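What follows is a short report on a single structure.
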Amino acid sequence: MKDIDVCRLEWMPYTGRMILTRNWFALLPVLLLCACSTVKFYTQAFSGQSEIWRKSRPNAEALADPSVAEHVKQRLKLIEELRAFAASDLHLPTKSFGKYCDLQRPYVVWVVYAAPEFSVEGKKWWYPLVGSLKYRGFFDEKDARQEADKLKAKGYDVFMGGVEAYSTLGYLADPVLNTFLHRSDADLAELIFHELTHAKVFVPGDTDFNEAFATANAEDGVRRWLRSKGDFKTLRAYEANLSKQREVVHLMLSTREKLKAVYAGSYPSVEEERKAKQRIFDDMLRKALADGPYVKLHIHHAARTWNNARINTVATYFTMVPGFERLLKEKGGDLEAFHREVHDMRKLNNEQRMKILGTPIPSHD
Numbered sequence: 418m419k420d421i422d423v424c425r426l427e428w429m430p431y432t433g434r435m436i437l438t439r440n441w442f443a444l445l446p447v448l449l450l451c452a453c454s455t456v457k458f459y460t461q462a463f464s465g466q467s468e469i470w471r472k473s474r475p476n477a478e479a480l481a482d483p484s485v486a487e488h489v490k491q492r493l494k495l496i497e498e499l500r501a502f503a504a505s506d507l508h509l510p511t512k513s514f515g516k517y518c519d520l521q522r523p524y525v526v527w528v529v530y531a532a533p534e535f536s537v538e539g540k541k542w543w544y545p546l547v548g549s550l551k552y553r554g555f556f557d558e559k560d561a562r563q564e565a566d567k568l569k570a571k572g573y574d575v576f577m578g579g580v581e582a583y584s585t586l587g588y589l590a591d592p593v594l595n596t597f598l599h600r601s602d603a604d605l606a607e608l609i610f611h612e613l614t615h616a617k618v619f620v621p622g623d624t625d626f627n628e629a630f631a632t633a634n635a636e637d638g639v640r641r642w643l644r645s646k647g648d649f650k651t652l653r654a655y656e657a658n659l660s661k662q663r664e665v666v667h668l669m670l671s672t673r674e675k676l677k678a679v680y681a682g683s684y685p686s687v688e689e690e691r692k693a694k695q696r697i698f699d700d701m702l703r704k705a706l707a708d709g710p711y712v713k714l715h716i717h718h719a720a721r722t723w724n725n726a727r728i729n730t731v732a733t734y735f736t737m738v739p740g741f742e743r744l745l746k747e748k749g750g751d752l753e754a755f756h757r758e759v760h761d762m763r764k765l766n767n768e769q770r771m772k773i774l775g776t777p778i779p780s781h782d
């Protein structure tokens, strides 16, 4: 489909977690009541997860196998180090990443995001046990494109992306995947800590809260890990990269706010509103060109795919991050106290959590 690109978003590496339950037999009554398309979705999800189970083996076995490439073994050794640090210093559960799975493809899933043409509020899909989430994940790119086509035909803005990382949010012991072993040490550490954070605290139905918490907690974890190794050179480079990422995020979040203002306005015709919307995105691209090569690379690339759905992927991961960073600072860097506070927020509703974190409560445009 011409209007949808599959691309790697280096500054936003964790999009699209396929949600699975502990016991698939418990889903049978639900599936019997679902439409055929829903049954098809869960069938492909189970098939994809089964492939991962089938191809996984303990890290120790992969490390002892002479046919496994040396660079893979080096990454597995690093991940074992990261798991140990996550358990001892970050107080994170480490059931996952004890096995290795080579899927022999660049992405584990393909994720579809959607939003109405004149709204920045993303479409949600409901899943058993975890509630509503702002994405739909598929193990087969063809299935993802079919879903994207259907949504686009209904008038939605759609964005589809290939995803390297995968998580069942602590329900299952997720393996290390070949799809993310190419990352730098710091980026790989952030990914591992991010996914393990989901197993620590997950709030059903609040994608933005979960992803922002995992992002803030993982970034802090990388800083602690690099300091523990005395690797201050890598730490400085990591901080510099985060600073550049924030430039991109700031431009995109400010663009999202401008879009909200457009959609709240009154226009003589749908065509006039479309033109106003396009002017906002064109302005974002012009600023990306002026703000330097890093921002240009990550925003101007695939310019034609920018729409409400794609801009929402950034809001999901970063809008609440400053609030979590502030909360951790208020706890004096005490991770156990920080995690308890976040865990207790599960009892609150979305707006109450946003108020505590100092995040503006969105108005529904």
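Per the working numbering, residue 418 is the first one in the sequence shown, and the count goes up by one each step. Ideal Cβ placement from N, Cα and C applies to all residues, glycine included. In this text, all values refer to a predicted model and were calculated from it rather than measured experimentally.
#1: With DSSP as the reference, label R522 as helix, strand or coil.
#2: Using beta-carbon positions only, say whether G647 and A590 come within less than 8 Å of one another.
#3: With a floor of 4 residues, list each alpha helix (DSSP H) that falls wholly inside the segment 683–709, ordered by position along the chain.
#4: State the Cα-Cα distance for the pair L668 and M701, rounded to the nearest angstrom.
#5: Taking Cβ to Cβ, would you say L605 is nearer than 8 Å to F597?
#6: With a threshold of 16 other CB atoms inside 10 Å of the CB of P446, please say whether the residue is buried or exposed.
#7: Here's the rule I'm using: 16 or more other beta-carbon atoms within 10 Å means buried, otherwise exposed. How should K512 be labelled?
#8: Measuring alpha carbon to alpha carbon, tell me which of V580, G579, R770 and K490 ends up nearest T736.
#9: Identify whether M737 lies in helix, strand or coil by the three-state DSSP scheme.
#10: Can you check DSSP and say which residues form a bridge with M771?
#11: Say whether the segment 656–671 touches the segment 687–694, bearing in mind that this needs 3 or more beta-carbon pairs closer than 8 Å, one atom from each stretch.
#12: Would T776 pass as a contact of F576 if the rule is Cβ separation under 8 Å?
#13: Do you know how far the Cα of Y684 is from the Cα of F698?
#14: Beta-carbon separation of T614 and V738 under 8 Å?
#15: Quick check: the Cα distance between V759 and P483, rounded to an integer number of angstroms?
#16: Quick check on N440: buried or exposed, where buried means 16 or more other Cβ atoms within 10 Å of its Cβ?
#17: According to the Cβ coordinates, are F610 and A503 closer than 8 Å?
#18: Between the alpha carbons of I773 and K457, how many angstroms are there, rounded?
#19: State the Cα-Cα distance for the pair L608 and L745, rounded to the nearest angstrom.
#20: Could you give the DSSP three-state label for W723: helix, strand or coil?
#21: Checking 8 Å against the spacing of the C-beta atoms, do V537 and N729 come in under that value?
#22: Using the beta-carbon count (16 or more within 10 Å), is W470 buried or exposed?
The relevant details are as follows:
#1: Mapped onto the sequence shown, residue 522 falls at position 105. Coil, per DSSP.
#2: Within the sequence shown, numbered from 1, the residue matching residue 647 stands at position 230. Within the sequence shown, numbered from 1, the residue matching residue 590 stands at position 173. No, they are not a contact pair.
#3: 687–707
#4: Residue mapping note: residue 668 aligns to position 251 of the sequence shown, counting from 1. Residue mapping note: residue 701 aligns to position 284 of the sequence shown, counting from 1. For L668 and M701, the distance between alpha carbons rounds to 7 Å.
#5: Within the sequence shown, residue 605 is the residue found at index 188, counting from 1. Within the sequence shown, residue 597 is the residue found at index 180, counting from 1. Cβ atoms of L605 and F597: closer than 8 Å.
#6: Reading the sequence shown from its first residue, position 29 is the one you call residue 446. Annotation note: pLDDT 41 at P446 (below 50); position unreliable, no value reported.
#7: For this step, residue 512 is matched to residue 95 along the sequence shown. Under this definition K512 is an exposed residue.
#8: In the sequence shown, counting from the first residue as 1, residue 736 sits at position 319. Cα-wise, what sits closest to T736 is R770.
#9: By 1-based counting over the sequence shown, the position of residue 737 is 320. Looking at M737 - three-state DSSP - the assignment turns out to be coil, as it is neither helix nor strand.
#10: For the purposes of this step, residue 771 is taken as residue 354 along the sequence shown, with counting starting at 1. Looking at the DSSP assignment, M771 forms no beta bridge with any residue, so it has no partner.
#11: no
#12: In the sequence shown, counting from the first residue as 1, residue 776 sits at position 359. In the sequence shown, counting from the first residue as 1, residue 576 sits at position 159. Cβ atoms of T776 and F576: not closer than 8 Å.
#13: The residue labelled residue 698 in the question sits at position 281 within the sequence shown. The residue labelled residue 684 in the question sits at position 267 within the sequence shown. Between F698 and Y684, the C-alpha separation is close to 18 Å.
#14: As a working mapping, residue 614 is identified with position 197 in the sequence shown. As a working mapping, residue 738 is identified with position 321 in the sequence shown. No, these two residues do not count as a Cβ contact at 8 Å.
#15: By 1-based counting over the sequence shown, the position of residue 759 is 342. By 1-based counting over the sequence shown, the position of residue 483 is 66. Each residue's Cα considered, the two are about 44 Å apart.
#16: Walking along the sequence shown from the start, residue 440 turns up at place 23. With a pLDDT of 38 at N440, under the threshold of 50, the predicted position of this residue should be treated as unreliable, though the coordinate-derived value follows. Looking at its Cβ environment, which holds fewer than 16 other Cβ atoms inside 10 Å, N440 is exposed.
#17: The count along the sequence shown starts at 1 and reaches residue 610 at position 193. The count along the sequence shown starts at 1 and reaches residue 503 at position 86. Contact: yes.
#18: Taking the first residue of the sequence shown as position 1, residue 773 is located at position 356. Taking the first residue of the sequence shown as position 1, residue 457 is located at position 40. Rounded to whole angstroms, I773 to K457 spans 40 Å at the Cα level.
#19: As a first step, residue 608 must be located in the sequence shown, where it is residue number 191. As a first step, residue 745 must be located in the sequence shown, where it is residue number 328. So the two alpha carbons sit approximately 20 Å from each other.
#20: Position 306 of the sequence shown, counting from 1, holds the residue named residue 723. Coil, per DSSP.
#21: Your numbering for residue 537 matches position 120 in the sequence shown. Your numbering for residue 729 matches position 312 in the sequence shown. Cβ atoms of V537 and N729: closer than 8 Å.
#22: Here the question's residue 470 lines up with position 53 in the sequence shown. Label assigned to W470: exposed.
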